[in-house]
Amino acid sequence: MASVARTYGRRDTILLAACVVLSLIALFLPERMRDPLATSLRRTILAPLVSLQSDAELSRRAWATREERVAARDSIALRAISVDALEAENSRLRNLLTLGARLRWGFVPAEVLSGRGVGEQYTVPLSAGSRSGVREFSPVVAPEGLVGVVKTADPTMSIAIIWSHPDFRVSAMAADGSAFGIVAAHLGDGPERYLLEMRGVPVRGTIAPGTEIVTSGLGGTFPRGIPIGIVMGEAQTSELWARTYLLRPAVLPSAISAVMVLTPARADSGVAGVWQTGQGMNGATRAIVEAGDSLGRAAALRLGAMAADSLARLRPAVDTTDSLGARPGADTLR
Amino acid sequence: MRPIDLARTLIAFVVLVLLHFTLRPLLGWRVGPDFLIIALLLVAIRIRPGAAAVLGLFMGVVADSIELHAFGAGALAMCCVGFAASWLKAVFFADDMFLNAFFFFSGKWAFDTIFILAEHRVGGVELLRELLVWSPITAVVTALWGLLTLLILRPILRPSHT
Numbered sequence: 002m003a004s005v006a007r008t009y010g011r012r013d014t015i016l017l018a019a020c021v022v023l024s025l026i027a028l029f030l031p032e033r034m035r036d037p038l039a040t041s042l043r044r045t046i047l048a049p050l051v052s053l054q055s056d057a058e059l060s061r062r063a064w065a066t067r068e069e070r071v072a073a074r075d076s077i078a079l080r081a082i083s084v085d086a087l088e089a090e091n092s093r094l095r096n097l098l099t100l101g102a103r104l105r106w107g108f109v110p111a112e113v114l115s116g117r118g119v120g121e122q123y124t125v126p127l128s129a130g131s132r133s134g135v136r137e138f139s140p141v142v143a144p145e146g147l148v149g150v151v152k153t154a155d156p157t158m159s160i161a162i163i164w165s166h167p168d169f170r171v172s173a174m175a176a177d178g179s180a181f182g183i184v185a186a187h188l189g190d191g192p193e194r195y196l197l198e199m200r201g202v203p204v205r206g207t208i209a210p211g212t213e214i215v216t217s218g219l220g221g222t223f224p225r226g227i228p229i230g231i232v233m234g235e236a237q238t239s240e241l242w243a244r245t246y247l248l249r250p251a252v253l254p255s256a257i258s259a260v261m262v263l264t265p266a267r268a269d270s271g272v273a274g275v276w277q278t279g280q281g282m283n284g285a286t287r288a289i290v291e292a293g294d295s296l297g298r299a300a301a302l303r304l305g306a307m308a309a310d311s312l313a314r315l316r317p318a319v320d321t322t323d324s325l326g327a328r329p330g331a332d333t334l335r
Numbered sequence: 442m443r444p445i446d447l448a449r450t451l452i453a454f455v456v457l458v459l460l461h462f463t464l465r466p467l468l469g470w471r472v473g474p475d476f477l478i479i480a481l482l483l484v485a486i487r488i489r490p491g492a493a494a495v496l497g498l499f500m501g502v503v504a505d506s507i508e509l510h511a512f513g514a515g516a517l518a519m520c521c522v523g524f525a526a527s528w529l530k531a532v533f534f535a536d537d538m539f540l541n542a543f544f545f546f547s548g549k550w551a552f553d554t555i556f557i558l559a560e561h562r563v564g565g566v567e568l569l570r571e572l573l574v575w576s577p578i579t580a581v582v583t584a585l586w587g588l589l590t591l592l593i594l595r596p597i598l599r600p601s602h603t
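One line per chain: the protein sequences are A and B, in this order. Counting in our numbering, the first sequence runs from 2 upward without gaps. Counting in our numbering, the second sequence runs from 442 upward without gaps.
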């Protein structure tokens with residue numbers, strides 16, 4: 002440091018006194034006079050310095066919060082991952098509401114309670130029981146179609162078997178009424194385990210891939226017209242007098258979360274018009290059809306357009322057949 | 442003071458003022474260094490006591506314009522510290538690190554003491570805590586940074602002999 006000695010004169014004393022007086026004046030200055038002075042200083046001399054200070058503060062804050070920002074970014078990324086699942090659930094709940102509106106009466110909404118999650122699940126506990134109107138053999142449905150049937154109904158909960166259960170059976174027909182059969186779980190290996198098969202279709206009753214299969218209403222357990230699945234193709238079996246078709250189920254096991262249990266009265270009165278069966282094909286069917294040749298695609302589209310009318314036309318014929326006892330007659334539970 | 446020395450001192454002063462508004466908030470310490478005091482002391486020892494008091498008054502008023510509740514208190518403290526530093530420099534002839542550190546420490550502590558008393562906001566135990574705990578700690582930090590500044594700015598602050 003510079004070592005410059007200097008004397009201390011009267012002028013310095015006067016300046017010091019003046020400065021002290023001015024400081025005291027500033028200290029006791031009324032607010033209305035102090036504020037304009039301070040404002041003018043801030044807007045002139047201090048403005049660039051305050052700007053620098055502001056930038057420095059921001060930099061320090063950015064540095065100090067870098068870990069929080071990384072954590073926040075990770076959280077957002079995590080949430081973004083779950084958005085798809087939430088959207089799917091939202092869509093499914095909307096569909097369920099729509100189904101409820103179409104059913105209007107005779108149904109009990111129920112949540113599928115999570116089980117042990119070990120091994121393959123063929124039965125699911127439902128949150129509604131006999132107090133809510135659930136009875137044994139009540140059909141369990143979802144917006145996409147048939148889920149299963151109630152096996153036991155306790156007062157506050159019930160147990161349903163879903164279509165993948167080895168004992169599950171339902172009388173079914175093509176949506177256009179061209180063929181009838183019994184649908185059961187396809188007891189294959191691997192992914193095929195989660196397919197359905199439609200057995201007992203007469204040899205003359207050929208069903209094209211992409212045809213929608215619905216409940217036939219025969220047997221009394223399931224009302225007519227609940228979607229079961231889509232025909233994927235014919236399965237090779239040793240049976241000579243009947244055909245067996247593989248179906249892609251309308252309701253995937255992973256999508257079973259909220260369901261509707263139809264009351265016996267509702268099952269008896271039918272669900273006509275609730276599912277728009279035969280009026281079109283879903284995306285998966287279209288994918289199957291589009292994968293085929295152009296001829297098959299045209300045929301499938303024609304089939305889809307004609308399905309609703311065909312179903313309506315053939316309904317009397319089915320009733321006649323039923324009365325003659327010529328069709329397999331019951332939804333069975335072995 | 443020779444013009445070249447005046448220019449060098451001015452550069453050092455500007456650098457320290459800039460550091461006060463950039464490095465200090467960047468550090469964000471509860472007891473950060475007061476570069477304005479360091480700048481005032483560095484200039485005050487090179488000018489007459491009266492001029493140091495005027496400089497202190499000016500710096501204090503400008504700094505106080507941010508803190509309206511203490512408007513005038515900083516000016517009073519800085520003009521007193523500036524004057525005293527310029528006057529007492531006659532005592533501190535030696536170019537000794539320890540003495541310089543003590544010089545910065547005393548200047549900062551004196552400033553805080555005058556400021557807090559003039560501000561007249563705290564009292565009792567809080568006042569004692571400010572004067573006897575926080576102010577000395579801040580003064581120590583300021584003294585250390587003052588020494589560091591001296592080491593860095595030594596080429597600039599060295600008086601010319603030509």
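Using N, Cα and C, we set each Cβ at its ideal position, and we do this for glycine too.
Ala111/A sits close to Val262/A, with the two beta carbons spaced by under 8 Å. Exposure of Glu193/A is indicated by the presence of fewer than 16 other C-beta atoms within 10 angstroms of its C-beta.
Using a Cβ-Cβ cut-off of 8 Å, Thr554/B does not count as an interface residue toward chain A, since no Cβ of chain A sits closer than that to its own. Looking at the DSSP output, Glu235/A bridges to Tyr246/A.
With at least 16 other beta carbons inside 10 angstroms of its own, Leu248/A counts as buried. Nearest Cα to Thr463/B within the set Ser60/A, Arg44/A and Ile26/A: Ser60/A. Of the candidates Thr450/B, Gly513/B and Leu477/B, Leu477/B places its Cα closest to the Cα of Ala584/B. The straight-line gap separating the alpha-carbon atoms of Leu114/A and Ala161/A is approximately 11 Å. DSSP links Phe181/A through a beta bridge to Met174/A. Leaving aside the five residues that flank Ala173/A on each side, the residues in its chain whose CB is nearer than 8 Å to its CB run, in chain order, Phe181, Gly182, Ile183, Val184, Met199, Ile214, Val215, Thr216, Ser217 and Ile229. Under the three-pair Cβ rule at 8 Å, the segment 255 to 274 of chain A counts as touching the segment 129 to 136 of chain A. Check the Cα spacing between Gly221/A and each of Leu23/A, Pro140/A, Asp75/A and Arg35/A: the tightest is with Pro140/A. Taking C-alpha positions only, Met158/A is separated from Val151/A by approximately 10 Å. Considering only beta carbons, the part of the segment 487 to 516 of chain B lying closer than 8 Å to chain A consists of Arg487, Arg489, Pro490, Gly491, Ala492, Ala494, Val495, Gly497, Leu498, Gly501, Val502, Val503, Asp505, Ser506, Ile507, Leu509, Phe512, Gly513, Ala514 and Ala516, in chain order.
Nearest neighbour of Ser547/B by Cα position, chosen from Leu568/B, His510/B, Val502/B and Val581/B, turns out to be Val581/B.
Any Cβ of chain A closer than 8 Å to the Cβ of Phe524/B would place that residue at the interface, and such an atom is present.
Rounded to whole angstroms, the Cβ separation of Gly501/B and Gly515/B is 4 Å, and the two are in contact under 8 Å. Within the DSSP bridge table, the entry for Met199/A names Val184/A and Tyr246/A as partners. The three-state secondary structure of Ser159/A, taken from DSSP, is strand. Across the set Thr45/A, Ala259/A and Ala176/A, the C-alpha of Ala176/A shows the shortest separation from the C-alpha of Pro210/A. About 4 Å separates the Cβ atoms of Pro466/B and Ala57/A, confirming a contact at the 8 Å cut-off. With a cutoff of 8 Å on beta-carbon distance, Arg93/A and Ala259/A are scored as near each other. Secondary structure note for Lys549/B: its alpha helix (DSSP H) is the uninterrupted segment Met538 to Glu560.
Secondary structure at Pro254/A: helix, using DSSP grouped into helix, strand and coil. Residue burial is scored here from C-beta neighbours: Pro156/A has fewer than 16 other C-beta atoms within 10 angstroms and is therefore classed as exposed. For Arg61/A, the nearest CB of chain B lies under 8 Å from its own CB, placing it at the interface with that chain. Each residue's CA atom was taken as its position, placing Asp475/B and Gly497/B some 14 Å apart.
At a Cβ-Cβ threshold of 8 Å, Leu47/A and Ser576/B do not count as neighbours. Taking Gln54/A as reference, the option from Ala504/B, Gly513/B and Phe499/B with the minimal CA-CA separation is Ala504/B. For a Cβ distance threshold of 9 Å, nothing in chain A lies close to Ala485/B: the least Cβ distance comes to about 11 Å. Short of 6 Å from the beta carbon of Leu594/B, and not among the five residues preceding or following it, lie these beta carbons of its own chain, in chain order: Ala453. Under the Cβ distance rule, Pro466/B counts among the residues neighbouring chain A, one pair being separated by less than 8 Å.
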